[in-house]
Amino acid sequence: MAGERPVQAVILAGGQGTRLRPLTLARAKPVVPLLNRPFLAHQLALLRGHGITDVILACSYRVDDVRAALGDAEHLGVRLRYVVETEPLGTGGGVRNAADLTAGTVFVLNGDILTDVDLSAMVAFHGSRGSRATIFLTRVPDTRPYGLVELEADGRVRRFREKPAAGEAGAADTVNAGAYLLDAALLKRIPRGRVVSIEREFFPALIADGVPCYGWCASGYWRDIGSPAAYRAAQLDLLEGRARMLLPPPGERRDGSWIGPGGTAAGGARVVAPAVVGARVELGARAQVGPGAVVGDDARIGPDARVEGAVLWERVEVGAGAVLLECVVGADVKIGALARVGAGVVLESGAVIPERTTLTR
Ligand code: GDD
Ligand code: MG
Numbered sequence: 106m107a108g109e110r111p112v113q114a115v116i117l118a119g120g121q122g123t124r125l126r127p128l129t130l131a132r133a134k135p136v137v138p139l140l141n142r143p144f145l146a147h148q149l150a151l152l153r154g155h156g157i158t159d160v161i162l163a164c165s166y167r168v169d170d171v172r173a174a175l176g177d178a179e180h181l182g183v184r185l186r187y188v189v190e191t192e193p194l195g196t197g198g199g200v201r202n203a204a205d206l207t208a209g210t211v212f213v214l215n216g217d218i219l220t221d222v223d224l225s226a227m228v229a230f231h232g233s234r235g236s237r238a239t240i241f242l243t244r245v246p247d248t249r250p251y252g253l254v255e256l257e258a259d260g261r262v263r264r265f266r267e268k269p270a271a272g273e274a275g276a277a278d279t280v281n282a283g284a285y286l287l288d289a290a291l292l293k294r295i296p297r298g299r300v301v302s303i304e305r306e307f308f309p310a311l312i313a314d315g316v317p318c319y320g321w322c323a324s325g326y327w328r329d330i331g332s333p334a335a336y337r338a339a340q341l342d343l344l345e346g347r348a349r350m351l352l353p354p355p356g357e358r359r360d361g362s363w364i365g366p367g368g369t370a371a372g373g374a375r376v377v378a379p380a381v382v383g384a385r386v387e388l389g390a391r392a393q394v395g396p397g398a399v400v401g402d403d404a405r406i407g408p409d410a411r412v413e414g415a416v417l418w419e420r421v422e423v424g425a426g427a428v429l430l431e432c433v434v435g436a437d438v439k440i441g442a443l444a445r446v447g448a449g450v451v452l453e454s455g456a457v458i459p460e461r462t463t464l465t466r
């Protein structure tokens, strides 16, 4: 299949999303809403933009959530298939489980990275080097939570160390961005039926065996959305233009914001751009949404309330005069009148906040 353009991707979507709790207690990480669309819809838009339309989701945790949110993804222009682990098999085991559906050259992506990087350029790089495993690398200020990848001068991977202990980090500032281009035949090397880490086992073994592995350093936007702070920041990055918006939010573009259908706005209510307001949202008199706010479908924002830099899931009720700043609010949360929810606060779906409460982080 050498020389043929890849058309397939495997997305790892089976982690528990521990660091994104309590949000992931109510919904699986791959489908938490990002600008009012399931997270993976953004990743599928990137893939489709580069001709990758045959996508296999390697799942294990809360698969029903993922299916309910994405289905076969025909509406997103791709064909989505699911392979489900009965027990979580780790990143390598998840890929192994999908391997029989792959052929040729295949993308493998972590299901929690938001990027607008040029995957076609990655394909060209892979071909030009005669690479069999190419790892997208990015630079981050703090490398500790990532896989550290050291390169030879010609871009060949010298070493892959997953989250090395403090003091062992060394000089490399390039980390694994969680997107690989792999010769599908290599996936058969991963043992079946046990937990395997692609980072700790598969890549180090390829390097040790002299299989040509290259690092592709690209400078596009990149972020792992796996913590509440990163999850909120990613949405601001899209709204404020730091990340290219490959899939706009639902709704109609109006004065720099996106407004869903069926909503109402009482006198003096305003949406300050950039903001996203879902379908059927009710804005009370003089309520303010934005800048930098995302309000899910069927929310009710009371009179004189203010929602700024905050992400609200569906059906949130905000009482009169309440102020929500730079926080994340799960579905069906009720916030009492005159309450204040401050920066960095994360409210679990279904929480009830009494009136006049002040929550800070
Ligand atoms: N199918 C399946 N089964 N998927 C899994 C499993 C599993 O048992 N465990 C984790 N995943 C998925 C997660 O859902 C996520 O999409 C992806 O694998 C990576 O797992 P994370 O838990 O998010 O890993 P990380 O962020 O700590 O580290 C990884 O990503 C970094 C970049 O964001 C590593 O690949 C690092 O090397 C990398 O730097
Ligand atoms: Mg992650």
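Going by my numbering, the letters in the sequence shown line up with residues 106 to 466, in that order.
Every residue gets a Cβ at the ideal spot worked out from N, C-alpha and C, and that includes glycine.
Straight-line Cα distance separating residue j from residue i
i	j	result
G331	G122	7 Å
G435	A404	11 Å
I157	T243	22 Å
D342	E460	32 Å
G252	R266	6 Å
P135	A118	6 Å
G195	A310	16 Å
R466	V200	38 Å
V115	V386	36 Å
A107	D205	Interpretation of A107 is limited by its pLDDT of 45, a score under 50 that renders its predicted location unreliable; the figure taken from the coordinates is listed afterwards. Those two C-alpha atoms are separated by around 19 Å.
L361	L149	Here residue 361 is Gly; the residue named in the question, Leu, does not match the sequence. If you take the alpha carbons of G361 and L149, they lie about 25 Å apart.
A392	G298	55 Å
A371	E431	24 Å
V254	D159	29 Å
Three-state class that DSSP yields for residue i in the structure shown
i	result
P459	coil
L224	helix
A178	coil
R299	coil
K268	coil
A284	strand
A59	Lying outside 106 to 466, the shown extent of the chain, residue 59 is not represented and no answer is given.
P333	helix
T191	coil
A107	Note that A107 scores a pLDDT of 45, beneath 50, so its modelled location is shaky; the value from the coordinates is reported in the next line. Residue state, collapsed to three classes: coil.
N141	coil
L149	helix
I157	coil
S236	coil
L214	strand
Q340	helix
V450	coil
T196	helix
V254	strand
Status (buried if at least 16 other CB within 10 Å, exposed otherwise) for residue i
i	result
H180	exposed
V457	exposed
E190	buried
R167	buried
P333	buried
T96	Lying before the first or after the last residue shown, residue 96 is absent from the chain, which here runs from 106 to 466.
V450	buried
R358	exposed
D170	buried
P111	buried
T369	exposed
R411	buried
R235	Inspection of the sequence shows that residue 235 is occupied by Gly rather than by Arg. Result: exposed.
E419	buried
G258	Before going on, a small fix: residue 258 reads as Ala here, not Gly. Burial call: exposed.
P354	buried
A380	buried
S233	exposed
D288	buried
E304	buried
Residues near ligand 2, CB to any non-hydrogen atom under 5 Å, in chain order? D217, D329, G331
Are there three or more Cβ pairs, one per stretch, closer than 8 Å when the stretch 220 to 233 is compared with the stretch 317 to 330? As far as the Cβ criterion goes, the stretch 220 to 233 touches the stretch 317 to 330, which means the pair count is three or higher.
Stretch-stretch touch, CB-based, cutoff 8 Å, three pairs: the stretch 169 to 180 with the stretch 141 to 149: yes
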